[in-house]
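According to the UniProt record's numbering, the sequence shown holds residues 1 to 481 in order.
Where is the CB? At the ideal position from N, CA and C, for every residue including glycine.
Please read all numbers here as calculations on a predicted model, not as lab measurements.
Some notes on the structure that comes next.
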Amino acid sequence: MTIDMRPKKALFLLCLPDELLVEIISHLPPKDVIPLHATSRRLRALTRLDPTLWRSLCSYREGSSLTVLTPPRTPISDVECATIDWYTEYKFRNAPTRMLWVGTGSPTVGDEVKGIGAFPSRGGSTEDDMVVAATSDGSVKIWSLQDNCAAREIGKSERGLIFSQKKRTPALEAQQKIREAGIVDGVSIDAAAGRIWVAGEDGLVEIDLTSLKRISTHRFPFSIMALSQTSSPYPLTIGTTLTLHMHDSRVSPNSPPPAHAPLFQPGPLSILHSGSSVKVAGRFPSLLSYDRRGWPKLTSTIHSGARLCGLTTIGTSGLAACGEYNGRGTLEIYPGLGSPYPIVKNRQTAARSKILTVTSHGSYLVTGNAEGCISFFERDARTVIREHWVEGGGKTSSGIWNVGEDGGDVIRRVKPLRGGDGKILVWAGDRLGLLGVGKERQEIPEEAVRPESEEEEYLTKMRELLRRQGEEVGILEGMGL
Numbered sequence: 001m002t003i004d005m006r007p008k009k010a011l012f013l014l015c016l017p018d019e020l021l022v023e024i025i026s027h028l029p030p031k032d033v034i035p036l037h038a039t040s041r042r043l044r045a046l047t048r049l050d051p052t053l054w055r056s057l058c059s060y061r062e063g064s065s066l067t068v069l070t071p072p073r074t075p076i077s078d079v080e081c082a083t084i085d086w087y088t089e090y091k092f093r094n095a096p097t098r099m100l101w102v103g104t105g106s107p108t109v110g111d112e113v114k115g116i117g118a119f120p121s122r123g124g125s126t127e128d129d130m131v132v133a134a135t136s137d138g139s140v141k142i143w144s145l146q147d148n149c150a151a152r153e154i155g156k157s158e159r160g161l162i163f164s165q166k167k168r169t170p171a172l173e174a175q176q177k178i179r180e181a182g183i184v185d186g187v188s189i190d191a192a193a194g195r196i197w198v199a200g201e202d203g204l205v206e207i208d209l210t211s212l213k214r215i216s217t218h219r220f221p222f223s224i225m226a227l228s229q230t231s232s233p234y235p236l237t238i239g240t241t242l243t244l245h246m247h248d249s250r251v252s253p254n255s256p257p258p259a260h261a262p263l264f265q266p267g268p269l270s271i272l273h274s275g276s277s278v279k280v281a282g283r284f285p286s287l288l289s290y291d292r293r294g295w296p297k298l299t300s301t302i303h304s305g306a307r308l309c310g311l312t313t314i315g316t317s318g319l320a321a322c323g324e325y326n327g328r329g330t331l332e333i334y335p336g337l338g339s340p341y342p343i344v345k346n347r348q349t350a351a352r353s354k355i356l357t358v359t360s361h362g363s364y365l366v367t368g369n370a371e372g373c374i375s376f377f378e379r380d381a382r383t384v385i386r387e388h389w390v391e392g393g394g395k396t397s398s399g400i401w402n403v404g405e406d407g408g409d410v411i412r413r414v415k416p417l418r419g420g421d422g423k424i425l426v427w428a429g430d431r432l433g434l435l436g437v438g439k440e441r442q443e444i445p446e447e448a449v450r451p452e453s454e455e456e457e458y459l460t461k462m463r464e465l466l467r468r469q470g471e472e473v474g475i476l477e478g479m480g481l
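Rendered as structure tokens:
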């Protein structure tokens, strides 16, 4: 008679102290660590809450003898490292990606997305669970992301709130489309103040976040090309064709207008607030830097030589920029002052077409280009972690501005959502989507899941709780490890 000792051995392993278990697990490759989540609640809790383990797994290379923490290509400060969810980071680096389209996913004429934003539904919360989009019919829509299965539309303003519905001549219509095609950062949200700012046809439209009613319209001498993201109590920065303006909603409209900064070349496309400084990139060869305290004086410039259209911060003082150089995409890294690391300009392998957007997501960068490719880069701007291609959405609207060179949707903007499971809000062509990780789910119409009785509603809620409990296990199993 043979006795299987494996259960006893496993029981003996679980008798070890937590510190020793974590030390043993840290020497295992990912293909052995992932199944531990399904074997024991204790092992799951130990591995899930250990950031050092998941950070080491993020840098794991098959065949390498180093299975413990290895230094990243670009150093990450201890302060920044503490803010990164390394478990979520590991999933985005290795698990299958999936796109969940907000709304129909295939808009009809008049419903094309023209700008996006996100904000938390509760005051003081840091989790972005609400999404805002400005659409071509001049309305503003809000979706709730609190349901993991789908985004639910909870508010819509009247038509014509932002863009006029009056018929234009063909020449004016073409001019308006060209202007809209260049605007990527056209929506800014201040949840604390309850305000939405949108680059409208007649100027800066201020909208109440609760009622979705227009509060006022602020006009400028030229068409608006870019808006900064607001952060109370700092003012909003507006970039027009030839000027930069500061807008503070707390200032009385009867007060004299504040000084503006002139631009010697037209076309600002991205405005970034970084501490007290304001960074501006656009259709000019240099990055412009202003100090908010000494506005509107230009404090410094950094020569790029490319036509840049996207900016994001790296760490505490670094900067990443994207755009186009000689017909190809460029991804550039500018370390902060005093950094020993050189400036990096990847103009060979970043993308075959223009890169329209870049953002920091954990310890890596996410870009979107004109071919419909969302790329994940290490901070060296050269190493590609993975790619996600967005196919054309079969739109009924016409035009050349939303279709990529290979038939995919142009990735206009990517925006990481704070908190939650790290989803990325994607503006692709005329559509709005959420890029996450895990197996594809079959989309079910909202009418099909509506409960018909209290008993069915109770069963539906119980099934949803069980589904959420097993979601992370399903995601990790979907890695195939």
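May I ask you to list the residues that DSSP assigns as paired with residue i?
{"i": "ARG44", "result": "Answer is none; ARG44 lacks a bridge partner."}
{"i": "GLU153", "result": "TRP143"}
{"i": "ALA219", "result": "As written in the sequence, residue 219 is Arg, which differs from the Ala given in the question. ARG219 is not bridged to any residue."}
{"i": "THR83", "result": "Answer is none; THR83 lacks a bridge partner."}
{"i": "CYS373", "result": "TRP389"}
{"i": "LYS415", "result": "LEU425"}
{"i": "HIS273", "result": "VAL278"}
{"i": "ILE355", "result": "ASN369"}
{"i": "GLY436", "result": "ARG98"}
{"i": "PRO268", "result": "GLY282"}
{"i": "ALA133", "result": "ILE116, LYS141"}
{"i": "ASN346", "result": "LEU331"}
{"i": "residue 483", "result": "Outside the shown range of the chain (1 to 481) lies residue 483, about which nothing can therefore be said."}
{"i": "LEU287", "result": "ILE302"}
{"i": "ARG431", "result": "ALA428"}
{"i": "VAL187", "result": "VAL198"}
Count the other CB atoms within 10 Å of the CB of residue i; is the residue buried (16 or more) or exposed (fewer)?
{"i": "ILE333", "result": "buried"}
{"i": "HIS303", "result": "exposed"}
{"i": "GLY323", "result": "buried"}
{"i": "residue 522", "result": "Here the chain has residues from 1 to 481 only, and residue 522 is not among them."}
{"i": "HIS247", "result": "buried"}
{"i": "VAL132", "result": "buried"}
{"i": "LYS279", "result": "buried"}
{"i": "ARG431", "result": "buried"}
{"i": "VAL187", "result": "buried"}
{"i": "ASP18", "result": "exposed"}
{"i": "LEU14", "result": "exposed"}
{"i": "LYS415", "result": "buried"}
{"i": "PRO235", "result": "buried"}
{"i": "SER125", "result": "exposed"}
{"i": "LYS141", "result": "buried"}
{"i": "SER56", "result": "buried"}
{"i": "TYR290", "result": "buried"}
Residue i: which of the options sits nearest, CA to CA?
{"i": "TRP427", "options": "GLN265, ALA134, SER56, GLU457", "result": "ALA134"}
{"i": "TYR87", "options": "ARG347, HIS361, PRO258, HIS245", "result": "HIS361"}
{"i": "ASP128", "options": "GLY436, SER144, MET225", "result": "SER144"}
{"i": "VAL102", "options": "ALA151, GLY336, ILE424", "result": "ALA151"}
{"i": "GLY433", "options": "THR330, ARG413, ARG418", "result": "ARG413"}
{"i": "PRO96", "options": "VAL437, GLU456, MET462", "result": "VAL437"}
{"i": "GLU89", "options": "ALA118, THR52, GLU112, MET99", "result": "THR52"}
{"i": "PHE92", "options": "VAL410, ALA226, LEU365", "result": "LEU365"}
{"i": "CYS309", "options": "ALA321, SER317, GLY315, THR301", "result": "ALA321"}
{"i": "GLU201", "options": "ARG55, LEU46, SER136", "result": "SER136"}
{"i": "PHE163", "options": "THR126, ASP147, GLN146, ASP111", "result": "ASP111"}
{"i": "PHE284", "options": "PRO296, SER188, ARG307, THR301", "result": "ARG307"}
{"i": "LYS31", "options": "LEU13, ARG42, LEU16, TRP54", "result": "TRP54"}
{"i": "CYS373", "options": "VAL22, THR383, THR359, VAL390", "result": "VAL390"}
{"i": "SER353", "options": "TYR341, PRO335, ASN326, SER339", "result": "ASN326"}
{"i": "LEU331", "options": "ARG382, THR301, TYR290, GLU153", "result": "ARG382"}
{"i": "SER216", "options": "VAL384, SER249, GLY329", "result": "SER249"}
{"i": "LEU337", "options": "ILE314, MET130, GLY420, GLU206", "result": "ILE314"}
{"i": "MET225", "options": "LYS114, VAL251, LEU209, PHE377", "result": "LYS114"}
Just checking my contact of residue i with residue j at CB under 8 angstroms: how many whole Å lie between their CB atoms?
{"i": "LEU244", "j": "LEU269", "result": "About 12 angstroms; that fails the 8 angstroms criterion."}
{"i": "SER223", "j": "THR237", "result": "Not confirmed; about 16 angstroms, so no contact."}
{"i": "SER274", "j": "ARG292", "result": "At roughly 10 angstroms, the Cβ-Cβ gap does not stay under 8 angstroms, so SER274 and ARG292 are not in contact."}
{"i": "GLY194", "j": "HIS218", "result": "Rounded, the Cβ-Cβ distance is 17 angstroms, inconsistent with contact."}
{"i": "ASP185", "j": "SER232", "result": "No, ASP185 and SER232 are not in contact; Cβ-Cβ is about 18 angstroms, not under 8 angstroms."}
{"i": "ARG122", "j": "GLY138", "result": "That belief does not hold up - the Cβ atoms of ARG122 and GLY138 are roughly 29 angstroms apart, past 8 angstroms."}
{"i": "LEU356", "j": "ASN346", "result": "About 16 angstroms separates the two Cβ atoms, so there is no contact after all."}
{"i": "ALA259", "j": "TRP295", "result": "7 angstroms"}
{"i": "THR301", "j": "SER286", "result": "4 angstroms"}
{"i": "SER183", "j": "ILE196", "result": "With the sequence shown as reference, residue 183 is identified as Ile, and Ser is not the correct amino acid for it. With a Cβ gap of about 15 angstroms, ILE183 and ILE196 do not count as contacting."}
{"i": "LEU212", "j": "SER157", "result": "4 angstroms"}
Within 8 angstroms: the Cβ of residue i and any heavy atom of the ligand ATP?
{"i": "ILE162", "result": "This structure does not include the ligand ATP; it has no bound ligands of any sort."}
*beta strand (DSSP E) runs contained entirely in the stretch 295 to 337, provided each spans 3 or more residues*: As far as the stretch 295 to 337 is concerned, its whole beta strand (DSSP E) runs of at least 3 residues are 298 to 303, 307 to 314, 318 to 325, 328 to 334.
_alpha helix (DSSP H) runs wholly inside the stretch 86 to 127, at least 4 long, in chain order_ = 86 to 94
*For the stretch 189 to 249, list the alpha helix (DSSP H) runs that are entirely contained and at least 4 residues long, ordered along the chain.*
none
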